[in-house]
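Here the structure comes first, spelled out in structure tokens, and everything after it is commentary.
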Amino acid sequence: DGGITQSPKYLFRKEGQNVTLSCEQNLNHDAMYWYRQDPGQGLRLIYYSQIVNDFQKGDIAEGYSVSREKKESFPLTVTSAQKNPTAFYLCASIPAGSYEQYFGPGTRLTVT
Amino acid sequence: QKEVEQDPGPLSVPEGAIVSLNCTYSNSAFQYFMWYRQYSRKGPELLMYTYSSGNKEDGRFTAQVDKSSKYISLFIRDSQPSDSATYLCGLMDTGRRALTFGSGTRLQVQP
């Protein structure tokens, strides 16, 4: 059963704690992306990776970090430096040679 | 000014109506244009994908792109209550292969 999986669906953390969100895909897609969605603001790009062991900052990278050690995995760490971490986080991927971007089901992070 | 402008709605129509959703953009680097449907608390689902000016049809959905006016549209024919969702336009520059999104339009189709 192919697809993009994100876990957990809901995540709760205390302020000041780092938290890592999981994103896995078994579609053999080469590029992977992290977006953040806030009410009324659409989706904004946090980080992206076109190939393994390489990634670039998106439009709102401050307070986040990523790694891409395997083609199928692109975890996102929300650090304590992120001022407003509560949001809906979406992972996406694109097949090689394509521009069609597909999304996972998302993780809703709440920090109190 | 945002790179991509989209009316947030909400847009309420009766079942069977033709729905028109639109986005305007300012960056000529955008070469690929996508429409996504997003149900509440779910990931966006890719509906339509186009890269040239003109129309592309898929079932009840038609995507229209006018690069000279920097204007894109999604038309939904014979709208159904199950079409009630938020519709997002996503525009892609080929360098990053990443999307810049509009804020989304919330659509409600009344039975």
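Keeping their order, the protein sequence lines are chains Z and P. Under the numbering used here, the first sequence has 101 at position 100, and the numbering climbs by one with no breaks. Under the numbering used here, the second sequence has 19 at position 32, and the numbering climbs by one with no breaks. Glycine included, C-beta positions come from ideal geometry on N, C-alpha and C.
> Taking the C-alpha atoms as reference points, what is the distance between Z:Tyr11 and Z:Val112?
Replying inline: Z:Tyr11 and Z:Val112 have their alpha carbons spaced roughly 11 Å apart.
> So is Z:Tyr90 buried or exposed if we call it buried at 16+ other beta carbons inside 10 Å?
Replying inline: With 16 or more other Cβ atoms within 10 Å, it is buried.
> Using the beta-carbon of each residue, which ones in chain Z are nearer than 7 Å to P:Ala88?
Replying inline: Ala is not the amino acid found at residue 88 of chain P; the sequence shown has Phe there. Gly43, Leu44, listed in chain order.
> Nearest CA to the CA of P:Gly34: which residue from P:Cys10, P:Lys54, P:Tyr58, P:Ile63?
Replying inline: Reading the sequence as shown, one finds Leu at residue 34 of chain P and not Gly. Minimum Cα distance to P:Leu34 is reached at P:Ile63.
> Going by beta carbon distance, what residues of the same chain come within less than 7 Å of P:Pro98, once the five residues before and after it are set aside?
Replying inline: Listed in chain order, the non-local C-beta contacts of P:Pro98 below 7 Å within the same chain comprise Glu2, Pro68, local neighbours out to five positions each way being set aside.
> Going by Cα to Cα distance, which pick from Z:Ser81, Z:Gln83, Z:Ala97, Z:Arg37 is closest to P:Gly30?
Replying inline: Nearest to P:Gly30 by alpha-carbon distance, out of Z:Ser81, Z:Gln83, Z:Ala97, Z:Arg37, is Z:Arg37.
>> Can you tell me where the beta strand (DSSP E) holding P:Pro1 begins and where it ends?
In response: Counting along the chain, the beta strand (DSSP E) containing P:Pro1 begins and ends at -2 to 1.
> What did DSSP end up calling Z:Ser1 once you bin it into helix, strand or coil?
Replying inline: Because chain Z here runs from 2 to 113, residue 1 of chain Z falls outside it and cannot be looked at.
>> Does chain P have any CB closer than 8 Å to the CB of Z:Leu91?
In response: By the rule that beta-carbons nearer than 8 Å mark a contact, Z:Leu91 touches chain P.
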